[in-house]
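Number of protein chains: 2
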Amino acid sequence: MKDGDDSGNPTDENTDAGLARLLHDHQVNPTRQRLAIARCMFKHRQHLSADSVLVQVNLGDTYVSKATVYNTLKLFVEQGMLREVVIDSQRTLFDSNISDHHHILNVDTGEIRDIDPIQLAVPKLRELAPEESITSVDLVLRVSSKT
Amino acid sequence: MKDGDDSGNPTDENTDAGLARLLHDHQVNPTRQRLAIARCMFKHRQHLSADSVLVQVNLGDTYVSKATVYNTLKLFVEQGMLREVVIDSQRTLFDSNISDHHHILNVDTGEIRDIDPIQLAVPKLRELAPEESITSVDLVLRVSSKT
DNA sequence: CTCACTGCAAATCCTTTGCAGCTGC
DNA sequence: GCAGCTGCAAAGGATTTGCAGTGAG
Chain L
363 MKDGDDSGNP TDENTDAGLA RLLHDHQVNP TRQRLAIARC MFKHRQHLSA DSVLVQVNLG
423 DTYVSKATVY NTLKLFVEQG MLREVVIDSQ RTLFDSNISD HHHILNVDTG EIRDIDPIQL
483 AVPKLRELAP EESITSVDLV LRVSSKT
Chain G
363 MKDGDDSGNP TDENTDAGLA RLLHDHQVNP TRQRLAIARC MFKHRQHLSA DSVLVQVNLG
423 DTYVSKATVY NTLKLFVEQG MLREVVIDSQ RTLFDSNISD HHHILNVDTG EIRDIDPIQL
483 AVPKLRELAP EESITSVDLV LRVSSKT
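Protein chains in written order, with our numbering: chain L, 363 to 509; chain G, 363 to 509.
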């Protein structure tokens, strides 16, 4: 692992060289299409659907097919560069923030925001079997801004 | 499998009359197909996928098409009789337990269990805007039973 | 008889697979 | 020249839509 911070420092992630390094660090070959997708995902610090990524990427000068967008996003998730966030049955988003955190969905605006990890009283859960260990905690807080 | 009496409390939800009343209470016309689907959802296991419901229902004597299963489950959710639980991007389940609770997914066995509502430090969330109120909290705890 | 509602076949949309082309050795 | 990897067209599967059938008034 390099000492160049690859998750918090946007300066070098916005250069192609930085992105190439990021891909390399995660054992992903930096091809043209993958760089274009990475550029899209890590430039806008956002939650994007596969389809949004497709549109965004193809605004640029590198054509990427729908299938490649899906396969690449999936690959990035497997390699720990992205996190897949299932908001509801209609929406699966990809989150460039892989640190431990949760999400707020405003059901009126559709906006999604990050929230800090919540301290759950998890160890006290009697529903957890003794041999079971927690792998991840997926939490979506649905809020309304209607009065 | 025998289904004459349910081991615990013989509520009237297990009779067709009870189911019809339940549907009626939620402004849903108790048609043959809807009753068959309700019977399946409220008598059998708690968490079922749309496809499982299709299979279960068609073991009985009322044929119901795939589309009707989907439409009916969606209707039940809209009318507050069922809750839709998105486990991950591959799995959407319908839960006949509509009380406030969360879910544990054992990633090794695929088993899903209910857990009691967790006391979240939600009021303290600074990420919540003043005018926003919490609609629901969707929490899936992913656990592994590997040692 | 008419109208509104119901249920389903077909269409649609999202995602994955299988393979042709390319790259480096 | 060959082996393995990439990217995409086409296939596959889940969900929704539009309309024919049905029953109540």
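Idealized CB from N, CA, C, for every residue including glycine.
Item to check | Positions along the stretch 387-404 of chain G whose CB lies within less than 7 Å of some CB in chain L | outcome: none
Item to check | Contacts of Arg445 (chain L) in chain G (Cβ-Cβ under 8 Å) | outcome: Per Cβ cutoff of 8 Å: no residues; Arg445 (chain L) is ~12 Å from chain G at best.
Checklist entry - In three-state DSSP terms, what is Arg445 (chain L)? => result strand
Next on the checklist: Can you find the residues in the same chain that come closer than 8 Å, C-beta to C-beta, to Asn391 (chain G), ignoring five residues on each side of it along the sequence?
Outcome noted: Leu385
Checklist entry - In chain order, which beta strand (DSSP E) runs of at least 3 residues are fully inside the stretch 387-420 of chain L? => result Runs found: 409-411.
Next on the checklist: Could you compute how far the alpha carbon of Val447 (chain G) sits from the alpha carbon of His409 (chain G)?
Outcome noted: 9 Å
Checklist entry - Do the CB positions of Leu435 (chain G) and Ala398 (chain G) come within less than 9 Å of each other? => result 9 Å or more divides the Cβ of Leu435 (chain G) from the Cβ of Ala398 (chain G).
Checklist entry - Measuring CB to CB, does Val469 (chain G) end up less than 9 Å from Thr497 (chain L)? => result yes
Item to check | Span of the beta strand (DSSP E), counted from its first residue to its last, around Thr497 (chain L) | outcome: Annotation: the continuous beta strand (DSSP E) that includes Thr497 (chain L) extends over 495-506.
Checklist entry - How would you call Ala491 (chain L), buried or exposed, if buried means at least 16 neighbouring beta carbons within 10 angstroms? => result Exposed: under 16 other Cβ atoms inside 10 Å.
Next on the checklist: Can you give me the C-alpha to C-alpha distance between Asp478 (chain G) and Phe404 (chain G), rounded to a whole angstrom?
Outcome noted: Between the alpha carbons of Asp478 (chain G) and Phe404 (chain G) lies a distance of about 20 Å.
Item to check | Any C-beta of chain G under 9 Å from that of Tyr427 (chain L) | outcome: According to the sequence displayed, residue 427 (chain L) carries Ser and not Tyr. For Ser427 (chain L), the answer is no, since every Cβ of chain G falls outside 9 Å of its Cβ.
Item to check | Reduced DSSP category for Ser455 (chain L) - H, G, I as helix; E, B as strand; rest coil | outcome: Strictly speaking, residue 455 (chain L) in this sequence is Leu, with Ser absent from that position. The three-state reading of DSSP puts Leu455 (chain L) in strand, counting E and B together.
Checklist entry - Taking 9 Å as the CB-CB limit, is Asp413 (chain G) close to chain L? => result No - not a single Cβ of chain L is within 9 Å of the one on Asp413 (chain G).
Item to check | Beta-carbon proximity check, Glu489 (chain G) vs Asp387 (chain L), cutoff 9 Å | outcome: no
Checklist entry - From L:Ser507, L:His464, L:His465, L:His406, pick the residue whose C-alpha is nearest to that of Glu493 (chain G); which is it? => result L:Ser507
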